[in-house]
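Residues -20 to -1, 1 to 463 in mature numbering (1 follows the signal peptide of the UniProt record, and there is no 0) are what the sequence shown lists, from first letter to last.
By construction, the Cβ of each residue, glycine as well, lies at the ideal position given by its N, Cα and C atoms.
What you are looking at is a predicted structure, and each value in this text was computed from that prediction instead of being measured.
A quick write-up on the structure given underneath.
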Amino acid sequence: MRIVMATSALVLATSGVGHALVSGLDEGVRRIDPFSGLSDRPDASRGLNFLVVGVDGRDKLSAATRKKYRLGGGSCDCTDTLMLVHLSEDRRRMSVVSIPRDSYVKLPEHKDDGTGKRHTGYPAKINSAYAHGGPHLTVRTVEAMTKVHIDHYLEVDFGSFMNTVDALGGVPVCTVRPLKDRYSGLNLPAGTSQLNGAEALSYVRARHLDGASDFGRMQRQQRFIASVIDKATSSGVLMNPVKFNKVASTMLKSVRADRGFGTSEMLALGHAMRGFTPASSEFVSVPVADGDHRVRGLGSTVKWDAAKSARLFAALREDRPLAEHKQRNGADGREDSQETKGGKQADGKNPNAVPVDIPPGRIRVQVENGTATAGLGHKVDTALREAHFNTTGIPRNAARKGLKQTVITYDPRWNRSVRTLAAALPGAKLHKQKGRGPSMKVTVGADHRAVKAVRAVEPLPATGPGQSGKGFQAVTGDKVTCP
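Given below as structure tokens:
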């Protein structure tokens, strides 16, 4: 969660709204020197690479605050989250790579910050590098694992996270199913929700929603960063000095940065990134070979896929895109229009459609008219087909007329598919019928008004099959924000 704020700070702080304003904000940033004395480093590459580190700093919050937001337990003095952020040389693209905090690594030789004792390299989880050697050892470990030269370091805790989200006026997130986690306090309905600071805190730190644990949390953090970028660029925050100052000053109060990332660097980056949009960002997680790699003395660790991760970091070093991007039109960096003459998007997506889990094209539907209104069954069958459901095209008349409420009959084994169909028919009653199979029956009642458009939201990939043979899968920010 801290990582979300630090990555967002990178975008906001480099937006370029005037030297005096940025200089004032820069004075509140705490400075560190994580690169002092480093040797045998990877060669510098094209573009800029930031290591964005979120540390577990709950001990800095009051007991009342920790209790209110369910931040129990002690601080581990370790990195809670890590992201490697690459800004392309032309400043048109930001690549965000999430690094699992339990990644299995070999820590380089170092002096322990706590005891002063020198250690040779030994196996550990990557999040322990901070506890043993602070930012210095964290940078060395990430560079050793990725072979990527780190140009700048940003570190943040979550003290002002909620205030930052509130300063933005809240941030929208989308979910295809309700999310509830009693440990973090998260409780969101399916669909689009506008999160305030406290809700956003729960959203990005929840770890007990499903079996994905940290992988699911990384995906939500990436979605949230994309939403922050969308909110900042679409609401005028970046171009309005008053709004910018309110948000950025709150955010930067919790940031520590290397001494080389000062006012002049912020201004130069901001000028180059003034046309930044969610489509300019891309997100990926380190490819994993084993998410439960057992190591004696460490327990469960995350083992990277050596070949696939090597290709990922080679792409960063060579300043190559990780995902497919829209073509640019002209020197001003504007994107080609994706709209047809009819005003609909070329990919067929309706921006007002309800996000769902299962694509409607996978769902077979038989429509029956449960009313005395002639032709209603044909009308609903046609509307569902236009919404991309796989209907029979031959609607029937139900055995009994006078049905007041539309009913969807389904086999409970297809409970995810029925949620997609129910989203298209708001208010319909769900009726379970064991043994029915994958085909669903819609019996139209007198309450029917219209079929609502739906769109399948593909999960943000943590790992997965190769994209264009790369062995990793990335997605641009405009694909994971709310429509």
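Item: Can you name the residues that DSSP bridges to Tyr348?; Value: Reading the sequence as shown, one finds Glu at residue 348 and not Tyr. Its beta-bridge partners are Arg376 and Thr423.
Item: Rounded to whole angstroms, what's the CA-CA distance from Tyr390 to Thr61? Just pull it up for me.; Value: 42 Å
Item: Tell me the rounded alpha-carbon separation between Arg314 and Arg297.; Value: Here Arg314 scores only 35 on pLDDT, less than 50, and its place in the model should not be relied on; the value that follows carries that caveat. Answer to the nearest angstrom: the Cα atoms are 26 Å apart.
Item: Output the distance between the C-alpha atoms of Ala259 and Ile205, rounded to the nearest integer angstrom.; Value: 12 Å
Item: May I have the straight-line CA-CA distance separating Val208 from Lys384, to the nearest angstrom?; Value: 44 Å
Item: What does a CB cutoff of less than 6 Å around Thr353 pick up in its chain, not counting 5 residues either side in sequence?; Value: none
Item: Would you decide whether Ser19 is buried or exposed? Buried here means 16 or more other CB atoms lie within 10 Å of its CB.; Value: exposed
Item: Quick one: grab the DSSP three-state call for Asp316.; Value: Below a pLDDT of 50, predicted positions are generally treated as unreliable, and Asp316, at 36, falls in that range; the measurement from the model is reported next regardless. Coil at Asp316, not helix or strand.
Item: Could you check how far apart the C-beta atoms of Gly355 and Thr386 are, in whole angstroms? I think they sit under 8 Å.; Value: That pair is no contact at about 16 Å.
Item: Who are the Cβ neighbours of His112 in its own chain at under 6 Å, not counting the five residues just before and after it?; Value: Asp92
Item: Pull up the distance between the alpha-carbon of Arg291 and that of Val266, whole angstroms please.; Value: 10 Å
Item: Quick check on Asp458: buried or exposed, where buried means 16 or more other Cβ atoms within 10 Å of its Cβ?; Value: buried
Item: Report all residues from its chain with a CB closer than 7 Å to the CB of Trp284; omit the five preceding and five following residues, and keep chain order.; Value: Ser83, Val266, Pro267, Val268 and Ala269
Item: Under the rule that 16 or more other beta-carbon atoms within 10 Å means buried, what is Arg73, buried or exposed?; Value: buried
Item: In angstroms, rounded to a whole number, what distance separates the CA positions of Tyr183 and Val33?; Value: 19 Å
Item: Taking Pro335 and Ala404 to be in contact with their CB atoms under 8 Å, please state how far apart those CB atoms are, rounded to whole angstroms.; Value: Between Ala404 and Pro335 the Cβ distance is about 12 Å, and since that is not below 8 Å, they are no contact.
Item: Under three-state DSSP, which class holds Asn370?; Value: strand
Item: For the alpha helix (DSSP H) that contains Tyr183, what are its first and last residues?; Value: Gly177 to Arg185
Item: According to the Cβ coordinates, are Asp361 and Thr400 closer than 8 Å?; Value: no
Item: How many whole angstroms separate the CB atoms of Leu168 and Phe30, which I take to be in contact at a CB cut-off of 8 Å?; Value: With a Cβ gap of about 30 Å, Leu168 and Phe30 do not count as contacting.
Item: Apply the 10 Å Cβ neighbour rule to Gly415 and answer buried if 16 or more other Cβ atoms are within range, or exposed otherwise.; Value: exposed
Item: With Ala269 as the anchor, note down where its beta strand (DSSP E) starts and where it stops.; Value: Val268 to Val275
Item: Measuring CB to CB, does Asn377 end up less than 8 Å from Asn349?; Value: yes
Item: Rounded to whole angstroms, what is the Cα-Cα separation between residue 525 and Ser75?; Value: Any question about residue 525 goes unanswered here, given that the chain covers just -20 to 463.
Item: Under three-state DSSP, which class holds Ile130?; Value: coil
Item: With DSSP as the reference, please indicate the residues paired to Arg435 in a beta bridge.; Value: Pro335
Item: Rounded to whole angstroms, what is the Cα-Cα separation between Ala402 and Leu364?; Value: 12 Å
Item: In whole angstroms, what separates the C-alpha of Ala180 from that of Leu159?; Value: 13 Å
Item: Helix, strand or coil, according to DSSP, for Ile205 in the structure here?; Value: helix
Item: When burial is assigned at 16 or more other CB atoms within 10 Å of the CB, is Glu69 buried or exposed?; Value: exposed
Item: For my contact list, Ile106 and Ile130 are in at a C-beta cut-off of 8 Å; report their separation, rounded to the angstrom.; Value: Incorrect: roughly 14 Å between the Cβ atoms, too far for contact.
Item: Inspect the beta-carbon positions of Leu67 and Val122 and report whether they are closer than 8 Å.; Value: no
Item: Mark Val275 as exposed unless 16 or more other C-beta atoms lie within 10 angstroms of its C-beta, in which case mark it buried.; Value: exposed
Item: Taking a contact to mean a Cβ-Cβ separation below 8 Å, would you say Thr351 touches Val424 in this structure?; Value: yes
Item: Between which two residues does the beta strand (DSSP E) containing Ala107 stretch?; Value: Correcting the residue type first, residue 107 is Asn in the shown sequence and not Ala. Neither: Asn107 is in no beta strand (DSSP E) and is coded neither H nor E.
Item: Could you tell me if Tyr163 is buried or exposed, where buried requires 16 or more neighbouring beta carbons within 10 angstroms of its beta carbon?; Value: exposed
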